[in-house]
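Protein chains in written order, with full-length UniProt numbering: chain A, 1 to 244; chain B, 1 to 244.
C-beta atoms are modelled at their ideal positions from N, C-alpha and C, and glycine is treated no differently.
2 protein chains.
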Amino acid sequence: MTDRRGTTSPGRRPLGGARAARQPLERPAPLRQAVYDALAEMIINRELQPGEHLVENELAAHLGVSRQPVREALQRLHNEGWVDLRPALGAFVHVPTEEEADQLLATRTLLETESARLAAKNATPEQIERLRELQRAGEEALSEDSQVALVEANAALHAHLVEMSGNKVLAQLIGMVDRRVRWYYSPIARSRGREAWDEHAALIDVIAEGNTRRAGELMRKHTERTRESYHQRRKEADEQEALS
Amino acid sequence: MTDRRGTTSPGRRPLGGARAARQPLERPAPLRQAVYDALAEMIINRELQPGEHLVENELAAHLGVSRQPVREALQRLHNEGWVDLRPALGAFVHVPTEEEADQLLATRTLLETESARLAAKNATPEQIERLRELQRAGEEALSEDSQVALVEANAALHAHLVEMSGNKVLAQLIGMVDRRVRWYYSPIARSRGREAWDEHAALIDVIAEGNTRRAGELMRKHTERTRESYHQRRKEADEQEALS
DNA sequence: AGCTGGGTTATAGCATACAGTCGCCGAGAT
DNA sequence: ATCTCGGCGACTGTATGCTATAACCCAGCT
Numbered sequence: 001m002t003d004r005r006g007t008t009s010p011g012r013r014p015l016g017g018a019r020a021a022r023q024p025l026e027r028p029a030p031l032r033q034a035v036y037d038a039l040a041e042m043i044i045n046r047e048l049q050p051g052e053h054l055v056e057n058e059l060a061a062h063l064g065v066s067r068q069p070v071r072e073a074l075q076r077l078h079n080e081g082w083v084d085l086r087p088a089l090g091a092f093v094h095v096p097t098e099e100e101a102d103q104l105l106a107t108r109t110l111l112e113t114e115s116a117r118l119a120a121k122n123a124t125p126e127q128i129e130r131l132r133e134l135q136r137a138g139e140e141a142l143s144e145d146s147q148v149a150l151v152e153a154n155a156a157l158h159a160h161l162v163e164m165s166g167n168k169v170l171a172q173l174i175g176m177v178d179r180r181v182r183w184y185y186s187p188i189a190r191s192r193g194r195e196a197w198d199e200h201a202a203l204i205d206v207i208a209e210g211n212t213r214r215a216g217e218l219m220r221k222h223t224e225r226t227r228e229s230y231h232q233r234r235k236e237a238d239e240q241e242a243l244s
Numbered sequence: 001m002t003d004r005r006g007t008t009s010p011g012r013r014p015l016g017g018a019r020a021a022r023q024p025l026e027r028p029a030p031l032r033q034a035v036y037d038a039l040a041e042m043i044i045n046r047e048l049q050p051g052e053h054l055v056e057n058e059l060a061a062h063l064g065v066s067r068q069p070v071r072e073a074l075q076r077l078h079n080e081g082w083v084d085l086r087p088a089l090g091a092f093v094h095v096p097t098e099e100e101a102d103q104l105l106a107t108r109t110l111l112e113t114e115s116a117r118l119a120a121k122n123a124t125p126e127q128i129e130r131l132r133e134l135q136r137a138g139e140e141a142l143s144e145d146s147q148v149a150l151v152e153a154n155a156a157l158h159a160h161l162v163e164m165s166g167n168k169v170l171a172q173l174i175g176m177v178d179r180r181v182r183w184y185y186s187p188i189a190r191s192r193g194r195e196a197w198d199e200h201a202a203l204i205d206v207i208a209e210g211n212t213r214r215a216g217e218l219m220r221k222h223t224e225r226t227r228e229s230y231h232q233r234r235k236e237a238d239e240q241e242a243l244s
């Protein structure tokens, strides 16, 4: 008897099996979620460019679903600042401004600093051990010169720190801000690499000591440097563009 | 000639004029917005109680619209933490926990403090004048013993401060956190009144002076006191409940 | 009497259908 | 030649219909 609870019915393929250009999103869970993930990813890697008009029909066809889940995903993307929703005109990929990027970076510094303080205050030995693991992973990525792994390790480390803070509200806000920072940053980014990981190491040490004040300071400096590096690279990129 | 741009067609009443218990949302603009506003309000004044199951059909009938705009509004309410969306089960008004309330208040302190600092840094004379106006409005509400006006004045003052910070990202985050704080707070709240407005006065003075550091300090203390008062009243409320 | 299984009903999720609006383009007038 | 008006196409916003799922309840078994 195929019961009506456990086995998430296997024969679930309402997706126009045919020419769905992307993989057909065959998850058993809410479609809107899958669509959201897909669109967010496309936006992040510039597959959908800032300012681009997102036509519901096209996206729906492209992903092999109806307009409904697409709309819902767009709404969510809107609340999180990825797309602008002009009434009766539709959804457009948000166009980041210089000012906004700076404000995001500033806000991120504020939030992450507090997060580091709280982490230092509440850290358990297991959590610290986990931190060191993640840090080693970063070092490894660094020595292998793997950009992708490095970015990933970086994200994981920050995510864990945030979780350690124990403040879920803070965590949620940081999550939102962080993803957008990474988006803005990505076209010009090249992680600061070695430098950043040395700072991480120092930060972890003071967290292990439970030195609240110092943890805050170090995190502040860390994110401030990232911010500077952002402006730096942004300037370089602009000059680059001016030449072409 | 009734052109095709300006005159937003007057004959727009797709709302089942009949037994819509609430006013029928007759705005000419996006329905989902109106629905969102209506639901948010109902949640805030406890017309919809925490934990309550929000059935799309009922809400739609109640508001005189179809399920579609209701769904979209619910999605948005979900993103902002007002309702939980359990897949395949639907929307439930979020049940605030003690822990969450405290984390919200803590986060609010962090954000508002920074906001005050920035406001002190960037304030223009007009903005300061506006601040004083709002403060006078508060004093007036106080002397008239009007609870509603007081809450409103308080919200307006904080909102203006946030705007003065010039950081739109920060402003957005504060907006989200603040509304939820007010929700959690509301069942037991009674604004601190006199006390709070004295603190406001002092804060405005240092902002006018452009004293960044001091502005931050005062705002921190101000919100910390609110936080204490929250816990205080919460405790009283709990004891009250224990008796009954 | 308690527990297990099947059927029923209510409800969310998704798809489709319909209508109003916006922007564009061409034709005609000035 | 430019400006204006009218029509056309496209797309959003809204409504409705369909399907699958999850909880609930009762019957039958242990």
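Inter-residue CB distance, residue 113 of chain B and residue 220 of chain B (contact presumed, cutoff 8 Å): 5 Å
Bridge partner(s) assigned by DSSP for residue 90 of chain B: B/86
Cβ-Cβ distance between residue 266 of chain A and residue 115 of chain A below 8 Å: Past the boundaries of the shown model lies residue 266 of chain A; chain A is included only from 1 to 244, so the question cannot be answered.
Backbone secondary structure at residue 48 of chain A - three-state DSSP: coil
C-alpha distance - residue 174 of chain A paired with residue 105 of chain A, whole-angstrom precision: 11 Å
One or two residues paired with residue 53 of chain B in a DSSP bridge: B/92
Endpoints, alpha helix (DSSP H) assigned at residue 80 of chain B: That residue, residue 80 of chain B, is in no alpha helix (DSSP H); it is neither H nor E in DSSP.
From A/31, A/163, A/121, residue whose alpha carbon lies closest to that of residue 67 of chain A: A/31
C-alpha distance - residue 202 of chain B paired with residue 218 of chain B, whole-angstrom precision: 8 Å
Coil, strand or helix - residue 66 of chain B by DSSP: coil
Per-residue contacts from residue 177 of chain A into chain B (C-beta, under 9 Å): 169, 173
Within chain B, the residues that residue 79 of chain A reaches when beta carbons sit closer than 8 Å: 76, 79, 80
Interface flag, residue 98 of chain A vs chain B, CB-CB below 8 Å: no
Straight-line Cα distance separating residue 147 of chain B from residue 177 of chain A: 36 Å
Chain B contact for residue 124 of chain A (CB, 8 Å cutoff): no
CB of residue 154 of chain B within 8 Å of CB of residue 118 of chain B, strictly: no
Close-in-space but distant-in-sequence residues of the same chain around residue 224 of chain A (CB under 8 Å, 5 per side omitted): 109
Cα-Cα separation, residue 40 of chain A to residue 180 of chain A: 11 Å
Residues near residue 91 of chain B in its chain [Cβ-Cβ closer than 8 Å; skip 5 each side]: 53, 54, 56, 74, 77, 78, 83, 84, 85
Residue 193 of chain A, DSSP secondary structure in three states: coil
Cβ-based neighbour list, residue 142 of chain A, same chain, cut-off 8 Å, excluding 5 preceding and 5 following: 150, 193, 194, 197
Per-residue contacts from residue 72 of chain A into chain B (C-beta, under 9 Å): 71, 72, 75
Straight-line gap, residue 33 of chain B to residue 44 of chain A (C-alpha atoms, nearest Å): 28 Å
Minimum Cβ-Cβ distance from residue 110 of chain A to chain B less than 8 Å: yes
Three-state class that DSSP yields for residue 106 of chain B in the structure shown: helix
Option in A/226, A/242, A/240, A/107 with minimal Cα separation from residue 165 of chain B: A/107
Continuous alpha helix (DSSP H) stretch holding residue 146 of chain B: start and end: That residue, residue 146 of chain B, is in no alpha helix (DSSP H); it is neither H nor E in DSSP.
Nearest-angstrom beta carbon gap, residue 138 of chain B and residue 157 of chain B [assumed within contact, 8 Å]: 6 Å
In chain order, each beta strand (DSSP E) run of at least 3 residues that lies wholly inside the segment 150 to 234 of chain B: none
Sub-8 Å separation of residue 81 of chain B and residue 62 of chain B beta-carbons: no
Backbone CA spacing between residue 88 of chain B and residue 29 of chain B [nearest angstrom]: 30 Å
Proximity winner among A/230, A/207, A/229, relative to residue 129 of chain A (alpha-carbon distances): A/207
Proximal residues to residue 212 of chain B (C-beta, below 6 Å), its chain only, five neighbours per side dropped: 117, 120, 121
For residue 100 of chain B, the nearest candidate out of B/231, B/127, B/72, B/215 (CA to CA): B/231
Residues that residue 104 of chain A contacts on chain B, provided the C-beta gap is smaller than 7 Å: 169
Simplified DSSP assignment, three categories, for residue 97 of chain B: coil
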